[in-house]
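Asks: One structure is given below, represented as structure tokens, and several questions about it will come after.
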Amino acid sequence: MPTPDLVHIPTEAERRFEQELEEIAASLEGTVGIAVTDVETGRSYAIRGDDWFPQQSVSKLWVALTALDEVDQGRLELDEGVVIGPKDLTLFHQPIRDLVRARGSFRTDYADLIQRAITHSDNTANDRILRRVGGAEAVEDFFAAKKITGVRFGADERSKQSAIAGLRWDQAYSVGNTFFDARDLVPDAARRAAFEGYLADPVDGAMPLGITRALARLARGELLSPASTALILATLNATRSGPQRLKGGVPPGWSIGHKTGTGQFFDGEQSGYNDIGILTSPDGHRYALAVMIGRTREPTLERMRMMQAVTVATARFDLENGSREPPEVVPQPAA
1 MPTPDLVHIP TEAERRFEQE LEEIAASLEG TVGIAVTDVE TGRSYAIRGD
51 DWFPQQSVSK LWVALTALDE VDQGRLELDE GVVIGPKDLT LFHQPIRDLV
101 RARGSFRTDY ADLIQRAITH SDNTANDRIL RRVGGAEAVE DFFAAKKITG
151 VRFGADERSK QSAIAGLRWD QAYSVGNTFF DARDLVPDAA RRAAFEGYLA
201 DPVDGAMPLG ITRALARLAR GELLSPASTA LILATLNATR SGPQRLKGGV
251 PPGWSIGHKT GTGQFFDGEQ SGYNDIGILT SPDGHRYALA VMIGRTREPT
301 LERMRMMQAV TVATARFDLE NGSREPPEVV PQPAA
């Protein structure tokens, strides 16, 4: 773990970086939180970094970490078999549903479910892992054991998404458009109360700084065994969702492993539009990033541009901060 400076005087590059982050956050109408933590030094830069924001599917990362901690403790084997059937299906994004519908059930293991939950943000895969590790309480216990603060988990996807819509979960909602039909029947006043209640105190809330500090510890190998750390970092690097969020701003030679989160709409406004990740420079220096939009009516394209701007600004800061030499550019022969 990095030793924090007793008294750190911000460099000119750091001051410019924080100012740029403030300008980026202000460029989008809505509630925006941004945090960047230097994995190697532990220093953080943030806008509304200690405010609570809804995570949505960002919370799938904590389920995966809890499961991998169970592996490290000898309480779960990644190749342990599991059968996914109709009773396991959830709602919204769940690519695994097509396999269940085609075959009646789908046999796999927990290594595969972790891949599906992170790289494809599959709600059914996530909730099945959550059930195996002991539910939401197990994730909160993981936070406590690892001294992760500024992050809470809340509930499984079925319970959480139903409550945001003013509903109570019924397994029939996992079929076709049944959930959407039921949601459409909820009176506007009840839906608004549920929606606003969630945004005011998100059951899955997290602080941007809470997330980036946890990500930095994950990257440094402080949360899991070396094997489990390598597995989850590789899985984050394979994420397919949100290619135009943080990932869309990654410069040549850099890389990012990330996890997105996307919430429900009500009356033209969205509850949670997020991306978090670990950005790595060509020389291996790493930054944990969290960009969280609590609520907004802005078009998706503008949100993605704002997130990309954070990635670009972080890469520029890495170069301007002067702590590392810029990577050597080798001229390529003319075609």
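Taking UniProt numbering, the leading residue of the sequence shown gets 1, the next gets one more, and so forth. Virtual Cβ for every residue (Gly too), placed ideally from N, Cα, C.
#1: In this structure, how does DSSP classify Ala219 when only helix, strand and coil are distinguished?
#2: How long is the line joining the alpha carbons of Lys160 and Arg103, rounded to whole angstroms?
#3: Answer yes if the segment 224-232 comes into contact with the segment 151-160, meaning at least three C-beta pairs across the two stretches below 8 Å, and no otherwise.
#4: Can you pull the DSSP bridge partners for Asn274?
#5: Would the segment 288-301 count as touching the segment 272-280 if we require 3 or more Cβ pairs under 8 Å?
#6: Using 7 Å as the cut-off, classify the Cβ of Leu279 as near or not near the heavy atoms of the ligand GTP, replying yes or no.
#7: According to the Cβ coordinates, are Ala125 and Arg132 closer than 8 Å?
#8: Is DSSP giving Gly249 helix, strand or coil here?
#9: Among residues of its own chain, excluding the 5 on either side of His93, which ones have a beta-carbon nearer than 7 Å to its beta-carbon?
#10: Taking all protein chains shown into account, decide if Pro333 is buried (16 or more other Cβ within 10 angstroms of its Cβ) or exposed.
#11: Within 10 angstroms of the Cβ of Met1, are there 16 or more other Cβ atoms? Answer buried if so, exposed if not.
#12: In whole angstroms, what is the alpha-carbon distance linking Ala315 and Pro187?
#13: Can you list the alpha helix (DSSP H) stretches of 4 or more residues lying completely in the segment 51-88, in chain order?
#14: Using beta-carbon positions only, say whether residue 337 and Val7 come within less than 8 Å of one another.
#15: Straight-line CA distance for Gly74 to Leu167?
#16: Do Leu65 and Phe142 have their CB atoms nearer than 8 Å?
#17: Is the segment 307-314 in contact with the segment 22-36, if contact means three or more CB pairs nearer than 8 Å?
#18: Cα separation between Ala238 and Gly150?
#19: List the whole-angstrom C-beta distance separating Ala145 from Ala216, where the pair is believed to meet the contact cut-off of C-beta under 8 Å.
#20: Would you call the CB atoms of Phe195 and Phe266 closer than 8 Å?
#21: Inspect the beta-carbon positions of Gly290 and Pro208 and report whether they are closer than 8 Å.
#22: Look up Glu269 in the DSSP assignment and give the residues it is bridged to.
#23: Quick one: Cα of Phe153 to Cα of Val203, how far?
#24: Please go through the same chain and pick out, in chain order, the residues whose beta-carbon is closer than 7 Å to the beta-carbon of Phe317, but skip the five residues on each side of it.
#25: For Val39, does the three-state DSSP call read helix, strand or coil?
#26: Where does Ala117 sit, in a helix, a strand or coil, going by DSSP?
#27: Using the beta-carbon count (16 or more within 10 Å), is residue 336 buried or exposed?
#28: Assign Ile129 to one of three DSSP states: helix, strand, or coil.
#29: Take Gly261 as the anchor and find which of Pro251, Ser255 and Ser241 has the nearest alpha-carbon.
#30: Do you know offhand how far Thr280's Cα is from Pro243's?
#31: Helix, strand or coil: how does DSSP classify Thr239 here?
#32: For Gly263, count neighbouring Cβ atoms within 10 angstroms of its own Cβ and tell me buried if that reaches 16, exposed if not.
#33: Would you say Leu28 and Glu298 are within 8 Å of each other, going by their C-beta atoms?
#34: I'd like to confirm the pairing. Which residues does DSSP put opposite Gly33 in its beta bridges?
#35: With DSSP as the reference, label Leu185 as helix, strand or coil.
Replies: Let me spell this out:
#1: helix
#2: 28 Å
#3: no
#4: Under DSSP, Asn274 shares a beta bridge with Gly261 and Met292.
#5: yes
#6: With respect to small molecules bound, the structure shown includes none, and the ligand GTP cannot be examined in it.
#7: No. Outside cutoff.
#8: helix
#9: Ser121, Asp122 and Asn123
#10: Low confidence applies here, because Pro333 scores a pLDDT of 45, under 50, leaving its location unreliable and the question unanswered by this model.
#11: exposed
#12: In this model, Ala315 and Pro187 are separated by some 47 Å (Cα to Cα).
#13: 60-72
#14: Missing from the structure shown is residue 337; the chain here goes from 1 to 335 and no further.
#15: C-alpha separation (whole angstroms): 38 Å.
#16: yes
#17: yes
#18: 26 Å
#19: With 8 Å as the limit, Ala145 and Ala216 do not qualify as a contact, their Cβ atoms being about 18 Å apart.
#20: Cβ distance < 8 Å, so Phe195 and Phe266 count as in contact.
#21: Per the sequence shown, residue 290 should be read as Ala rather than Gly. Their beta carbons are under 8 Å apart, which means Ala290 touches Pro208 by this criterion.
#22: Phe266
#23: Spanning the two alpha carbons is a distance of roughly 7 Å.
#24: Ala13 and Phe17
#25: coil
#26: helix
#27: Coverage of the chain is limited to positions 1 through 335, which leaves residue 336 absent and any answer about it impossible.
#28: Correct three-state label for Ile129: helix.
#29: Ser241
#30: C-alpha separation (whole angstroms): 16 Å.
#31: coil
#32: With 16 or more Cβ atoms within 10 Å of its Cβ, Gly263 is classed as buried.
#33: Between Leu28 and Glu298, the gap from beta carbon to beta carbon is short of 8 Å.
#34: Met292
#35: coil
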